[in-house]
Structures are given as C-alpha cells and as structure tokens.
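Here is the structure we will look at.
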Amino acid sequence: MAEQVAFHHIEKTSLIGKRIKKPDAPAKATGKTRYINDMVLPGMLYGKILHAGRPHAEIISIDTSATEKLAGVHLVITAKDIPDLKLGFVKDNAPLKDKVRCERDEVAAVAAETEAIAAAAIKLIRVEYKDLPGVFSAEDGLKDGAPVIQERFPDNKSLRFTFKHGDLEKAETGSDIILDDSFNVHYVTHCCMGTSCAIADFDHNGRLTIYSQTQYPYNYKMDLAPALGIDPGDIRVIQPPTGGSFGAKLDIYPFEPVAAILAQKTGRPVKIIFDRQEEFINSPTRQPARIHLRSGCTKDGVLTFRAADVLMDNGAYTSWGPTVPVIMMRTVSGHYRVPVVDFVGQAVYSNNAYAGSFRGYGNVQMTYATAQHMDMLAEKLAEEYNLDPIDFRLKNAQKSGEVTPQKSFLRECALAECLTTAAQATDYVAKLNKYSTEREQPGRYKHGIGLASSIHNAGGAKIHKSDGCGTILKMDDYARVTVITGATEIGQGIDAVIGQIVAEELGVPPEHVTLVNDDSDLGPWDVGVHASRTTFIAGNGARRAAIKAKEQILAAASKRANVAANALDLRGGYVVQDKDGAVVTKLDKMLRQMHFQPEPDVVMVSDYYEPNSEPEGRDHISDHSAAYAHAVHIAEVVVDTLTGEVKLEKITMAQDVGRVINRMGLEAQMEGGVAFGIGFALSEEMLFEQGHLKNPSFRDYKVPTAPDMPEIEMHFIESDCAEGPYGAKGIAELPTIVIAPAIANAVYNATGIRFFNPPMTPEKVARAIWEKKQR
Amino acid sequence: MEMSEIEKYVAPLAVQEAVRILAAGAVTIVAGGTDLTPQINEGRRVYAPTLMNIRRIDQLSRISVDGDNIRIGSLATVAEIRDNELIKDHAAILCQTASHFASEQIRNAATVGGNICNASPAGDMIIPLLVLRAEVELARWQDGAMTVRRVALDQFFTGPGKTVRRDDELLTAVVFKRPSADFIGQFRKSGPRPALEISTVSVGIGGDIKAGRFSNVRVAFGAVGPTPLCGKQTEAALEAKILDHDVIQAAVHAAQQDASPIDDIRATEWYRNHLIGVFTEELLNNVCQN
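Protein sequences appear in the order of chains A and B.
Quick note: the first sequence uses the working numbering, first residue 6, plus one each step.
Quick note: the second sequence uses the working numbering, first residue 778, plus one each step.
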C-alpha cells in the first residue's frame, strides 16, 4: 500500500506551556471514576475499629464475647492478639493499643459480613477503662510531674531540632529594631473528599495485596511490614483513584495494618473505610506550633537576625508532624538574606491528636510568623526611617547564586521579580498608605492590602539518600506510548504532565500516552508524592526516557533513510527532516518496520533520574533540593468592623515556576493551594477540649466554599531552572504557604490589629476590634 | 453508623393516606432529607420502623393565594420559594432569606415544612415566617376522618428540635395573611462563610411603614435561644415610632434584652449579643432607606 501522507512538511511546535486536559477529568466529573471507596472484592468482609473516645486511660479489661456471638461477625481482635507490632516515625505507635493515649486510639477491631454488622459489632465490645489525668498542651507536658504519655519518653520530650548560624548576641547588639512575638498556629486537617480507606487481601503464599490511598507506595511497604510482622517484599500496593491526599497519606496509620491483620486472620479480603466523623477524629492534622519569633534589622533596613523557638504539641504518637522543623529551620530565613539564624524546635507528647505531613510542611506555620514580622519591620522602617516597604524587601531579597545559611543554593532566584511584579500589579504601596490612613476614620467597612512572601523547595527534597524516580517507557506498533512511572497520581496532575512531556519528545498527541502508576509490582521505585517534587523529578525522568526512545527510533530511521540521526526529528506522528520538517515516514510504520525487520527490535527503555541535590544528613543542613522557588502574594480585603467578617476581594500572586508546563494544571494547583490557605487563615480550626475533638463534621469545621474564593490574578515568573524539565520548578506548596500571612497583613492594614493566632474568624476579629475601641 | 431499623418504606400519594399511616404509629417522615440524613448518619436520630417518603404528595408542593391568605405547601422547596413570583410580589423577605439558605443543592431539596419541623433554633426559613405571623396546618387521622388544626408559628416551638406537633400529625402547609402594600420585611444572618452556613445569629424585622411611622412591627431572632423567638420588647420599642437614631438605639438595646444566647461551639454569648445589636441596627437602617 502506498504511504498516505496528508502533508509533506511539518512545522516544529511545542506543547510546553499549553493547557493540557487532565485525562481522568471527564470520568471524575461524571461520577464514572471508581475510587477505592467504591471497590468491592468477591468475598470481602468489612472491618471496623473501636476507638477509645477518651484521651488517657488504662485498659482494665476487654470483653468481646457478645460481639463474637453476633451473626455475621468473623473475627474480633485486640492488642493481645497482635503483640509487638509497631509503627510510626519512632515506632511509638501500634495497630491496636493496650493503653489509651488519645481519643482516637484503636482498642479493638472486627471483621464482619456487612458494614452494618461491623458497626453493630463494635458497640457490643465491653471495655473497662481507668481514666488517667491527661496532658493537653505542649506547655503542660513539660511541667514537673506531668503525666507521662509514652513510657520510653519519661520527660514527654519527643523530637528536637536545632540550627545555629552566626553570632546571635552580636547581631542583637547591632540591631536598631528588634521584634519579639509569639504566634500560635492552630490545628487544621486535610479534609480529603475520599475518606480514609484500605482493602487488604492475603494470598495463600502469605503475600499481601493492599489497595491503598498512599502517596508513597514503595516506602509504604517498608513502613507497613513491621506493623504486620512480614517482609516488605511480600507486600504489593495497588493504588486505585483516590479522593485527595495533600500529605495525609505520606505515612501509614493504624487502620491500614488493622485491615491487613483482619484479612490475614480471616483469609478474606477486608475493607476498612471511615465515615466523615471517623475521618475527622482519626486522620492526621497539620502540626500545630507555638512559634516564638525574634527578628532584627538596622535602621537602614538590613536584616540582622532571626531567632525562632518552636514548641510543638506532638500528640500521643509520632508521625511526620513533629518533623516539620526540618523545613521550618530552612524557611525561617532563606528568601530574605538573614546572616544570623538561631532555630530550636521541640515536640512534646500530649493526649491530643497527632499530626502528619500536610501541604506546605512546616512552612505554612513558619511563614505565617516570618511574613508578619517582615510586614511589621517594613511598617516601622517606613514610619521611623522613611524607607519604602518594597525597597526594604528588595534590599534584603536574595539573588541568584546566593547560598543560604542552611546551605540552600539559590541557583535561579526570582524573588525580586516576584516582589516588583506583584507590587506593581496591585499598586501596593499607594494602597497600603491610603488604607492605613483610612482605618482611623469613621466607617464600618475598611479596606486592607497585605503582602507576604516565602521560599520552598522546588526540586524535590532529599530526605533519603536518593530522591529519584524510575521510568519505563515502551511504544507499540501503532505509535502508542505506555509510561510506567514510580510517580503516584493523587489528583495533582502528573498524569497530564507526563503525557504532555512524552508527547512533546516523541511527536505524538498527549492522549496517545498511557500512564501506568498504580501497582508497586510494576512501577520502579520513587520516594513518593511530596515536597512539590513530582513534575520536577518524575517529569525529568519521563523526559529522559522519551529522549532515549526517540534516539532509538531516529537511529533506526537514519539507517532506513540514509540521513544522519541528528538531522531527523519526530513531529505530528511522523519521522521528519529536522531542518524543514519534510516527512520521511509515518512513526507507526517506522515502529512496525523496526519490529519486523530481520534484526527485530521494540522500543522499550528505562531511566532512573536522580536530582543533583545533597542528602540532608543528620543535621538536615545541605543543598537538599535541586531547585528553590519563591512566591509573593498580595491579598486585598474588606473587613466589616462590626461583624468581623473578612471578605477577600482579590489575590494577586507572583510565583517563580521556572517554566510553565501544563498551564491548566498550574492554575488549578494555585487555586486549590490558595483555597487551603484561605481556610487555614479565616475559618478552619479543629476545636479540642481535653483531647476531645468538638467539631468533627463539615457543619462545624468550616472549609471554604466556592463563594469564598476571590478573584486570583496569577503572574508566573519563568526563571528557567537549569535542572528542571524544560526549566520548570515544583510549584504545589507555595500557594498554600504564602496566602495566610498576606491576609493577616491585609487585615492589619485595615484594622490596625495583628492576629498572631489564626484562624481570623469573624468573632475573633469583631472581638479584637471591639476591645480596641473600648480602650 | 446505626444499624438500619427500617422495616417498611411507604410513599403515599395523598395527604389522607399519609395521615392514616401516621396514625398507625412509629413513622419517620422524610421530605427533602437534608436534615434527617446527616442526623441519622451522626447517630443523633434513629429511624422508626416505618420510613414514609411524602415527596410524592403533589398537593403539598403548591404555593397559592387563598382569599386574603398566602398558602405554601409544606413540600415547597427553598429554591421554589426563592423563585416564586407570588412570594416575590407579596413577601420578598422569604425570597431574601431563601437566597441565603445553605447551598444551591440543599435549597433544591430542602422543604419549608422540613425546616420548620426540624425546629432548629437556627432554622433560617422560620425567621421570616415569624415576621409574617404565619400559622402552620397540622393534619391527622382521628375517628375515621382527617382533621386539620392551625397553630401560630410563634406557639409551635417548645425547645431545640421540639414542637407541639404530635407524632401522628403531618405539617401540610404554612399560611400567612397577605402583607399590606406598606409592608417591608428584612432578614440578616451571619456566619463565617457565605454558603453552607448555619446561622450564628439571624434577625428578621417586618412591619408597615406609613408616613415615616413603623407599625404592626414583628421582630424575630434565630440562634439566640432554645427556639426561634419573637422579640416582644424590640417590637414594643418600635411600634408606631418614627425610626430616628434614638428609636433605633432603643430597639438595639431591647433586642439584646429579648435574646438569650448561649456559648456554644459556633459562637460565644458575647458575639451573639453583639451581632443581634449590629443586625437590628442594620435592618432598621435598611427599613428607613426603603
């Protein structure tokens, strides 16, 4: 058959920076997606966990006899059935507990034929408790004679992190302005739309298949194995579509080993799924912290030091939450040039809920403090020394090539450009001055404008010795591409980005790229989805694999067409001459020829991409990311000074994204990240009373709704990161990190009141304004 | 989650059929389900053995003029009330309230009868209906026939979630006298966010404005006591007065006397009292401007 060529020359075009649709969006929008929560396996039982519902108690006895007699109940287990199984960052947690240390503690579990029977069954378990006095704050945990929460830690002191750089005393002496404030950053939680769920299934060879929402499938095996007493190699992790994660699934939590133990002991698949109330009570939180921050600068506006003393309520067990100082000690300075840094972070056990990792990872908390201190310094410098607030920031803004005291090498630093872009777009300084004058005049509604900035890792974070990602790429006889990657999809859009990158290199449509990344038996190793790393790391890996495939194809085409391989290119489904796009052959035909030639070959390549960052090491000080990025947010608000309602009018953001890859995905990440930050700033709060969560429902835990979202004007600064794919940097966490202090600074501009204790709820704001008036 | 205890599901097509089912006892009534379902899920309520869906009773959905009265069937949804031309023309305060009720999805499902029977002190639709001096119709099966009684809405509530409705009675309609051409009604609620918000405090004020004077004044408050309540002292402070600064300030003071808010997870007593004053003043200023 003669070769049908629609046109003879194909122009070079690029998909990079275009709007690429997320492949799973139609199915999610129409309800066709089958989430893990929807899954039913043949013969599957339902597991249910009995939670203690009290913060601190000895378990005197557990009587499961009534439960065992209930028809449809297959198994009841307690801690006695599974001694010695441990989990958690310092292995201070267990799947089931023999002592109660927090409200959520897992005391017993059942497996039953139906969800309803399982729910009824746990109500029949009789537990006799002896309540103990509790610890409900980090401060109380440190007091002499405080009840001991974990016997291994008799002083209740959990993790501690320190970083010291430079001579603090000298820096203080050399400062004209010193600020000294305490910020109390509150409890919030992820609120994934898909509640926590796991389905465990053992085969007769002792091998576990676990269907999981995890965002780190490979190390998940390593963490799950000791909680089950099996070899990590005997665990296969399958990741069905998941309804959000945001860091919540970066650790294992007791329901996962409990589901597996129930499956192991019954020989049947077992599913555990939380209802919304269980989700609120039993999910990790964001790490709360009391940040005592001291900042200094000279009257010329040169920053002299930052000292942060961070006290964290560890809760009853140690997940990722109390490790957030690893990022805090880096972001306490590091986008403004701070020569002297003194950081200490101490976690203290209590009988409260415990925290996990959460989008922004410590930096949400730290930037809430540092960006308000920058605003306070800017105000003093403007009032007393007539220094412009943007000039003050620009004077201290770090530049490309600088290395921070924490050893972050700022290869491409666009902070100054972010600052000037956002300030000019909003007419920031003029509005700031106008509103601060207006706030002293009569009137119910007050306008305010606030600016905040931060830095975050944007090229992974080498918390392990490797921060790499494996990729396997194959092409079939029809020029369709399959990419098997270690990178997990939790809704963030790596499916679209990898399709786009591979399509860019191989000259095929993105929809001809299929991603396989839901089965640990297939995928090569990856650290996990965290640290804003996936587009950077997995994107680089996919690109490198695609380039290898392209080289293989062009080498074959070169032989056939008798043209040098480097004079050929792949475009629009064709092999073409690079110089003028003249068609050589169709790509699918070329692939078949390679396959069916006398020395047959298929296109099948692999790659392991390791970023050029340094492992953190014991002191967590190294150039741990292959890139760093900055963002500046400016929030414009109107405060109703009577009701205390803060209405967000507009957000203007300027973020160094390195280079835009998928513009649609990038915009969506910004909007989603900002929504998280708005909730944190204005309305979301887990209310604990004596270790008991008072608002475990969306009725009383207030996530932002669509009408809360303001107009967001986005400016993407393209600094062209040398190491990133096409110059891109990681982007996902900064929008959540920067917005809350921008809002706090705007509320200050409108009211003259600083809010060191978020969230800035209407009542809190109204009360503060009312009290100020009474004075 | 409670184990389901529903033994029978019924979906009558006529009121008479429904009240006969109620007469047999042990029935949970479901209409929009927007309060019932979460309450069941949270274990705050359990299903009775018979679950009766009343949504197929067409006659309960009508909104009509009945002589001097406006009659809203108990199954009229909040969205239907918001969009109804008759209501817009005669009792715009109901439309104003309906547009601030929960979210669009809930407005499409939630019924006015359900909102009343749920008897939440924060029930939004109750406030404007109190302002309109509405009555509810309660039907029951008695001695082989259906009987209907009317209860004034301000006599209907006895406590949080509690009303004078007997278990065998079905709330079939809410009825109020068509307001005069001089009537003006205003509603205001508060919460930390603009949608899906349970009122921290709500205030409704209505009356006739003639030659600058406010008369037939009715004031109602939500979420400041065990039931939605009428502000008798506030009404007295306003009745037949010209709404000048002193009168408004007196009304604000009276409103804070009428209300008996508590501290709870959503707000402190201080904030609720504060908002009662802010909203009363704001609404009276709106009345003046109109």
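No residue lacks a Cβ here, since even glycine has one placed at the ideal position from N, Cα and C.
Assuming residue i and residue j make a contact with CB atoms under 8 Å, what is their CB distance in whole Å?
i	j	result
Pro-222 (chain A)	Asp-29 (chain A)	Not quite, the Cβ-Cβ distance comes to about 18 Å (not below 8 Å), so this is no contact.
Asn-993 (chain B)	Gly-984 (chain B)	5 Å
Thr-167 (chain A)	Phe-310 (chain A)	With 8 Å as the limit, Thr-167 (chain A) and Phe-310 (chain A) do not qualify as a contact, their Cβ atoms being about 15 Å apart.
Ile-82 (chain A)	Lys-270 (chain A)	7 Å
Ile-904 (chain B)	Ile-893 (chain B)	Actually they do not touch by this definition, with Cβ atoms about 11 Å apart.
Where does the unbroken beta strand (DSSP E) through residue i begin, and where does it stop?
i	result
Leu-784 (chain A)	The question about residue 784 (chain A) has no answer here: the residues shown for chain A are numbered 6 through 780.
His-297 (chain A)	294–302
Thr-872 (chain B)	Note on identity: in this sequence residue 872 (chain B) is Cys, with Thr being the wrong assignment. First-last for Cys-872 (chain B): 869–875, but that is the alpha helix (DSSP H), not the beta strand (DSSP E).
Leu-316 (chain A)	308–320
Tyr-134 (chain A)	131–136
Asp-186 (chain A)	182–190
Cys-202 (chain A)	202–207
His-625 (chain A)	Note, His-625 (chain A): premise wrong, no beta strand (DSSP E); not H, not E.
Met-675 (chain A)	Met-675 (chain A) -> not in any beta strand (DSSP E); alpha helix (DSSP H) instead, spanning 668–683.
Cys-196 (chain A)	First-last for Cys-196 (chain A): undefined, no H or E at that position.
His-56 (chain A)	50–56
Gly-475 (chain A)	474–480
Arg-241 (chain A)	240–243
Compute the Euclidean distance between the alpha carbons of residue i and residue j, then round it to the nearest angstrom.
i	j	result
Thr-431 (chain A)	Glu-641 (chain A)	9 Å
Glu-779 (chain B)	Arg-884 (chain B)	Low local confidence applies: a pLDDT of 44 at Glu-779 (chain B) is under 50, so the model's placement there is unreliable, with the coordinate-based value given in what follows. Distance between the alpha carbons of Glu-779 (chain B) and Arg-884 (chain B): 27 Å.
Thr-72 (chain A)	Lys-102 (chain A)	19 Å
Leu-2 (chain A)	Arg-772 (chain A)	This structure gives no information on residue 2 (chain A), because the portion of chain A shown stretches from 6 to 780.
Ala-7 (chain A)	Ile-499 (chain A)	For Ala-7 (chain A), the predicted structure reports a pLDDT of 44, less than 50, and the residue's modelled location is therefore unreliable. A value from the coordinates is still provided. Each residue's alpha carbon lies about 39 Å from the other.
Ile-656 (chain A)	Phe-703 (chain A)	25 Å
Arg-24 (chain A)	Asn-667 (chain A)	5 Å
Lys-699 (chain A)	Ala-550 (chain A)	51 Å
Thr-590 (chain A)	Tyr-579 (chain A)	6 Å
Thr-375 (chain A)	Gly-301 (chain A)	12 Å
Gly-1054 (chain B)	Gln-873 (chain B)	20 Å
Phe-541 (chain A)	Ile-626 (chain A)	21 Å
Ile-722 (chain A)	Ala-875 (chain B)	44 Å
Lys-175 (chain A)	Glu-108 (chain A)	47 Å
Ile-54 (chain A)	Ser-471 (chain A)	36 Å
Lys-96 (chain A)	Val-855 (chain B)	53 Å
Phe-761 (chain A)	Val-369 (chain A)	13 Å
Leu-267 (chain A)	Phe-207 (chain A)	10 Å
Ser-688 (chain A)	Tyr-706 (chain A)	8 Å
Ala-1014 (chain B)	Phe-991 (chain B)	10 Å
Ile-552 (chain A)	Asp-172 (chain A)	50 Å
Thr-328 (chain A)	Ile-296 (chain A)	15 Å
For the alpha helix (DSSP H) containing residue i, name the first residue and the last one.
i	result
Thr-18 (chain A)	Run containing Thr-18 (chain A): none; DSSP gives neither H nor E here.
Gly-890 (chain B)	889–895
Ser-599 (chain A)	Residue 599 (chain A) is actually Met in this sequence, not Ser. Taken as a continuous stretch (DSSP letters only), the alpha helix (DSSP H) holding Met-599 (chain A) covers 592–601.
Asp-920 (chain B)	Per DSSP, Asp-920 (chain B) belongs to no alpha helix (DSSP H) and is neither H nor E.
Leu-973 (chain B)	That residue, Leu-973 (chain B), is in no alpha helix (DSSP H); it is neither H nor E in DSSP.
Asp-500 (chain A)	499–511
Are three or more beta carbon pairs between the stretch 661–672 of chain A and the stretch 432–447 of chain A nearer than 8 Å? no
Using 8 Å as the threshold, is the stretch 316–330 of chain A in touch with the stretch 351–371 of chain A, meaning 3 or more CB pairs across them? yes
Between the stretch 591–599 of chain A and the stretch 616–624 of chain A, do three or more beta carbon pairs fall short of 8 Å? no
Mind listing which residues of the stretch 367–382 of chain A have their C-beta closer than 9 Å to chain B's C-betas, in chain order? none
Members of the stretch 702–718 of chain A near chain B, C-beta cut-off 9 Å: Ser-702, Phe-703, Arg-704, Asp-705, Lys-707, Val-708, Pro-709, Thr-710, Ala-711, Pro-712, Asp-713
Contact between the stretch 821–829 of chain B and the stretch 891–900 of chain B: three or more CB pairs below 8 Å? no
Beta carbons nearer than 7 Å to chain B: which residues of the stretch 623–653 of chain A have them? Leu-647, Thr-648
Of all the residues that make up the stretch 656–681 of chain A, which are near chain B by a beta-carbon distance shorter than 9 Å? none
Which residues, in chain order, does the stretch 263–287 of chain A contribute to contact with chain B at a C-beta distance below 9 Å? Asp-280, Arg-281, Gln-282
Taking contact to mean 3 or more Cβ pairs, one atom from each stretch, closer than 8 Å, check whether the stretch 949–967 of chain B and the stretch 802–820 of chain B are in contact. no
If the cut-off is 8 Å on Cβ atoms, which residues from the stretch 759–777 of chain A count as contacting chain B, listed in chain order? Thr-766, Pro-767, Glu-768, Ala-771, Arg-772, Trp-775
Anything in the stretch 1016–1046 of chain B with a Cβ closer than 9 Å to a Cβ of chain A? List those residues in chain order, please. Ile-1042, Arg-1043, Ala-1044, Thr-1045
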